[in-house]
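*Asks:*
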């Protein structure tokens, strides 16, 4: 054989996905990404994503799962976990004793949360005090347009939904920053210390109520909120209110090949999971979709992946077939669908280019996450990697390998470890992202499309 023949038969030669994309696939990709962008415009918090998922699932024939329900192949069921996460399943033709094919993503994203007692006035400016949620770069959040999303459970037991800053007629909120003329000391600080967490205070207004008294600007803001939502200040004590970037998802680049939005991590994978599930027929193995909360702070709490909500859901499925839950777990497979870092030439020094995911090269398969010595990782076995590789290639899905930067640079984690702890074979995969955890993240349309096809292939494996 010639060297070229050897090279072709023995060595890998990754290709940009556009080199193999057909006209039909391109049209499908564009349609898929339009649906995804509409989803992103509607869903900026885990509550909004869960509500959206419930509505779309019911439109496609999914019904709430209840204890003792009879389940037949092809049945579609879901469990709404307290409005903050959702689990869905399409019952397969084979018994759950042979396992389920699971895709798991999360629907929470880094943001600013309001503190329990947030409203105050200082210097005749009214503010909300915030506590940042998840891994953010604090300096990225001042001077950008922000919106308020969430719910307030009032003392009388009623709940109101709050959204301010998304409609074109709405005002937006903002965190101020120091002018460069007076920032000599600030500019000497590291990026991590340039803006402190306690400085991420959101400006609400400056107009005082007429008359005498203290905190008249604060009182005016509370009056406006009372008129709009019927709340009083103590109702903030039983509220979940989030500050997120205002504005819509946008196409990025003159060629429109990229999508810019807040919260691609990890709603880009959440949408990729649910899209093929909605219209699928009866699979061989039961297909399960998990859209969890709290991943950005360790998957803790009642709606996180470490909670027993997953056991509750799966046990009801197994009980309907007389199958032991642990037997189902032992024979199941999970694709932990979470984003990876896309190679960024502006910051090439942090990446091992030979092992880093790239824009437009397809869904990124990550054998392990963790940090430095693989701390906190779910390190997938060779057999697990082979299963994913074979499944995707047989389905014509373009994929690539991914690791999270150079070994000693840092690291991160996903829900994979918590699925593997349940004795479920698990592999990480997802969409490569530029500017991860920033107020605007960037993804490739092609990678979004291939990740959806990957989830579809796993469900049908």
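Residue numbers (my numbering): 3 to 463.
Every residue, glycine too, gets a C-beta built ideally from N, C-alpha and C.
Considering just the uninterrupted stretch of the alpha helix (DSSP H) at residue 288, what are its terminal residues?
*Replies:* No alpha helix (DSSP H) holds residue 288; the beta strand (DSSP E) holding it covers 288–294.
*Asks:* Looking at C-alpha atoms only, which residue of 162, 17 and 419 is the closest neighbour of residue 379?
*Replies:* 419
*Asks:* Can you check DSSP and say which residues form a bridge with residue 284?
*Replies:* None, per the DSSP bridge assignment.
*Asks:* Could you check whether the segment 68–84 touches the segment 253–270, counting it as contact only if at least three pairs of C-beta atoms, one from each stretch, sit closer than 8 Å?
*Replies:* no
*Asks:* Any idea if residue 295 is buried or exposed, counting beta-carbon neighbours within 10 angstroms, 16 or more meaning buried?
*Replies:* buried
*Asks:* Starting from the C-beta of residue 331, find all residues in its chain whose C-beta is less than 7 Å away, skip the five residues before and the five after it, and write them out in chain order.
*Replies:* 424, 425 and 426
*Asks:* If you draw a straight line from the alpha carbon of residue 223 to that of residue 236, how long is it in whole angstroms?
*Replies:* 14 Å
*Asks:* Using only the alpha-carbon positions, how far apart do residue 45 and residue 348 sit?
*Replies:* 30 Å
*Asks:* Using a Cβ-Cβ cutoff of less than 7 Å, which residues in the same chain neighbour residue 322 once the five nearest sequence positions on both sides are dropped?
*Replies:* Taken in chain order, the residues that qualify are 71, 72 and 73.
*Asks:* Suppose contacts are defined by Cβ-Cβ distances below 7 Å. Is residue 67 in contact with residue 318 by that definition?
*Replies:* yes
*Asks:* According to DSSP, is residue 323 part of a helix, a strand, or is it coil?
*Replies:* helix
*Asks:* When the Cα atoms are used, what is the spatial distance from residue 289 to residue 93?
*Replies:* 7 Å
*Asks:* Considering only their Cβ atoms, is the gap separating residue 248 from residue 148 smaller than 7 Å?
*Replies:* Yes, the Cβ-Cβ distance between residue 148 and residue 248 is below 7 Å.
*Asks:* Just to confirm before moving on: does the CB-CB distance between residue 433 and residue 449 stay below 7 Å?
*Replies:* yes
*Asks:* Could you tell me whether the Cβ atoms of residue 196 and residue 134 are closer together than 7 Å?
*Replies:* no
*Asks:* On the DSSP bridge assignment, give the partners of residue 124 in chain order.
*Replies:* 127
*Asks:* Would you say the segment 92–108 touches the segment 274–290, given that touching needs at least three Cβ pairs under 8 Å?
*Replies:* yes
*Asks:* Just to confirm before moving on: does the CB-CB distance between residue 1 and residue 151 stay below 7 Å?
*Replies:* The first residue shown for the chain is 3 and the last is 463, placing residue 1 beyond what the model contains.
*Asks:* Excluding sequence positions up to five away, which residues of its chain have a Cβ less than 6 Å from the Cβ of residue 162?
*Replies:* 154 and 231
*Asks:* Residue 242 bridges to which residues according to DSSP?
*Replies:* 153
*Asks:* With the cut-off set at 7 Å, would you say residue 342 and residue 359 are in Cβ contact?
*Replies:* yes
*Asks:* Which runs of the alpha helix (DSSP H) at least 4 residues long sit entirely within the segment 191–257? Give them in chain order.
*Replies:* 193–196 and 218–231
*Asks:* Just the Cα atoms here: how many angstroms apart are residue 69 and residue 159?
*Replies:* 27 Å
*Asks:* Can you give the Cα-Cα distance for residue 355 and residue 345, rounded to whole angstroms?
*Replies:* Here the alpha carbons of residue 345 and residue 355 stand approximately 7 Å from one another.
*Asks:* Rounding to the nearest angstrom, what Cα-Cα distance links residue 271 and residue 84 in this structure?
*Replies:* 21 Å
*Asks:* Does DSSP classify residue 359 as helix, strand or coil?
*Replies:* strand
*Asks:* Provide the residue(s) that pair with residue 133 in DSSP beta bridges, ordered along the chain.
*Replies:* 115
*Asks:* Around the Cβ of residue 269, are there at least 16 other Cβ atoms within 10 angstroms (buried) or fewer (exposed)?
*Replies:* Buried is the call here.
*Asks:* At which residue ranges does the segment 390–438 contain complete beta strand (DSSP E) runs of 3 or more residues, listed in the order of the chain?
*Replies:* 401–404, 427–432 and 434–436
*Asks:* Check each candidate in 102, 61 and 17 and name the one with the smallest Cα separation from residue 315.
*Replies:* 102
*Asks:* Short check: CB of residue 275 to CB of residue 457, under 7 Å?
*Replies:* Taking 7 Å as the Cβ cut-off, residue 275 and residue 457 qualify as a contacting pair.
*Asks:* Taking the alpha helix (DSSP H) that residue 32 belongs to, which residues open and close that run?
*Replies:* 25–44
*Asks:* Per DSSP, which residues does residue 107 bridge with? Please list them.
*Replies:* 293
*Asks:* Using only the alpha-carbon positions, how far apart do residue 455 and residue 328 sit?
*Replies:* 29 Å
*Asks:* Can you tell which of 185, 303 and 157 has the C-alpha that lies nearest to the C-alpha of residue 241?
*Replies:* 157
*Asks:* If you draw a straight line from the alpha carbon of residue 252 to that of residue 451, how long is it in whole angstroms?
*Replies:* 17 Å
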